[in-house]
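Undergrad:
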């Protein structure tokens, strides 16, 4: 009699144990699914936030440029852009460097980010001679010679010529917004903003000083 009761009690305990395990498993599945859904929502939110910030920055830059005087390119084989007084410290000269199929897009990016066209065309000509496959010994890539890390922060593909030009124009504009002077922006583009901050102006590097002189003139 006692033996039968013990057997019944053991069976009941096993049933309870199995039910508990199954219950825990069933609770874990929806919890895991909910966590996955939250992760996906978070990723979508971050992506949407990045897109909104990029659109806001682009719209502000475009608005700033619409309030300034636009340059008009002339000529066919050689591109000439009229001189524009930028600030008391700089005046661009007409661009008469190499011709390239990428020049129209470079001009469009200059207009988009409020950069004088002649200045940006000279920059690209100096950086890569309009060679989309150009690579520097430091790792800079493409028409505007973007470093991989800079391209990643800007969200552009440095191997794509059109995205490379947009990244270069956006970065140059960022440097101008930081320093408020096109010569300093060019120096920062070449030597890095840290060097400009360190020396309180154009760094005393021969390469950087020649770079600014060739692109900005004077």
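Residue numbers (UniProt numbering): 1 to 218. In this text, a Cβ means the ideal position worked out from N, Cα and C, and glycines have one as well.
(1) Tell me whether residue 188 is buried or exposed, calling it buried when 16 or more other Cβ atoms sit within 10 Å of its Cβ.
(2) With a CB to CB cut of under 7 Å and the five nearest residues on each side skipped, what residues in its chain are close to residue 269?
(3) Can you have a look at residue 13 and say buried or exposed, based on whether 16 or more other CB atoms are within 10 angstroms of its CB?
(4) Distance check for residue 190 and residue 137, CA to CA, integer angstroms please.
(5) As a quick exercise: from 196, 139, 208, pick the residue whose alpha carbon is nearest that of residue 180.
(6) Residue 141 bridges to which residues according to DSSP?
(7) According to the Cβ coordinates, are residue 208 and residue 215 closer than 8 Å?
(8) Let's test the definition: count the other Cβ atoms within 10 Å of the Cβ of residue 142 and tell me whether it reaches 16, buried, or not, exposed.
(9) Taking CB distances under 8 Å as the criterion, tell me whether residue 113 reaches chain D.
(10) Hey, how far is the Cα of residue 144 from the Cα of residue 199?
(11) Pairing CB atoms from the segment 149 to 159 with CB atoms from the segment 106 to 125, are three or more of them under 8 Å?
TA: Taking the geometry as given:
(1) buried
(2) Nothing in the structure corresponds to residue 269, since the chain is present only between 1 and 218.
(3) For residue 13, the predicted model reports a pLDDT of 45, less than 50, meaning its position is unreliable; a value from the coordinates is still stated below. With fewer than 16 Cβ atoms within 10 Å of its Cβ, residue 13 is classed as exposed.
(4) 14 Å
(5) 196
(6) 135, 146
(7) no
(8) buried
(9) Going by chain labels, chain D is absent from the structure shown, which holds only one protein chain.
(10) 25 Å
(11) no
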